[in-house]
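What follows is a single structure, written as structure tokens, with notes after it.
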Amino acid sequence: MIASTREGRVGAPVAEWFMERARQHGGFDVELVDLKAVNLPMLSEPNHPRLKKQTQETTTAWSATVDALDAFVLVTPEYNFFSPPALVNALDHLYSEWSYKAAGFVSYGGSPAACARCR
Ligand SMILES: Cc1cc2nc3c(=O)[nH]c(=O)nc-3n(C[C@H](O)[C@H](O)[C@H](O)COP(=O)(O)O)c2cc1C
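Below you can see the structure in the form of structure tokens.
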């Protein structure tokens, strides 16, 4: 799951790098989920996500996408020592869809080698 959505992001190549390794493992059907393409509005649902009373088509589609996963890996940068707002927004749109799934993180920031353009 690519968590960065900004212009000029390096999240996509980092995700491709990880997906290749996940494919080589052989135990997973690897699928890319790009939060830029998911394009959720800033949290606009009136109900708590655990109630699943979704009012926006974007939320229903997002719910179905995450429901279908057995495991997920968040490929995420660090912005101001925190998560990208698009990631927090995507997480907060749902509740039980995330539960009891294996979760992994590939995280990068300004100083590691992953970000050649930042040096
Ligand atoms: C708003 C903003 C805040 C950032 N804050 C941090 C930070 O706290 N720690 C860090 O290591 N890098 C920080 N960086 C550098 C980013 O991690 C780096 O630019 C990375 O490439 C961002 O990922 P992206 O290109 O996929 O958006 C920040 C960059 C931006 C744009």
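For the sequence shown, my numbering assigns the number 18 to the initial residue and increments by one for each residue that follows. Ideal Cβ placement from N, Cα and C applies to all residues, glycine included. This structure is a prediction, so every number in the text was calculated from the model and none was measured.
Which same chain residues end up closer than 6 Å to residue i when comparing Cβ atoms and leaving out the 5 residues on each side of it in sequence?
| i | result |
| --- | --- |
| residue 131 | In this prediction, residue 131 scores a pLDDT of 48, lower than 50, which makes its location untrustworthy; the coordinate-derived value is nonetheless stated afterwards. If we look at residue 131 and ignore the five residues flanking it on each side, its Cβ neighbours are 31, 125. |
| residue 136 | Below a pLDDT of 50, predicted positions are generally treated as unreliable, and residue 136, at 45, falls in that range; the measurement from the model is reported next regardless. Excluding positions up to five away in sequence, the list is empty. |
| residue 21 | 28, 94, 101 |
Following a CB-centred definition, is residue i positioned closer than 7 Å to any heavy atom of ligand 1?
| i | result |
| --- | --- |
| residue 106 | no |
| residue 94 | yes |
| residue 35 | no |
Hey, would you say residue i sits closer than 8 Å to residue j, going by beta carbons?
| i | j | result |
| --- | --- | --- |
| residue 89 | residue 118 | yes |
| residue 91 | residue 18 | yes |
| residue 59 | residue 106 | yes |
Who pairs with residue i in a beta bridge, going by DSSP?
| i | result |
| --- | --- |
| residue 121 | 90 |
| residue 99 | 96 |
Any heavy atom of ligand 2 closer than 7 Å to the CB of residue i?
| i | result |
| --- | --- |
| residue 21 | By its list of ligands, the structure shown excludes ligand 2, since it contains just ligand 1. |
task: For the region 67–82 and the region 35–46, state whether three or more C-beta atom pairs, one from each stretch, are separated by less than 8 Å.
output: With the cut-off at 8 Å, the region 67–82 and the region 35–46 do not touch.
query: Per the contact definition of three or more C-beta pairs closer than 8 Å, is the region 58–66 in contact with the region 100–117?
result: yes
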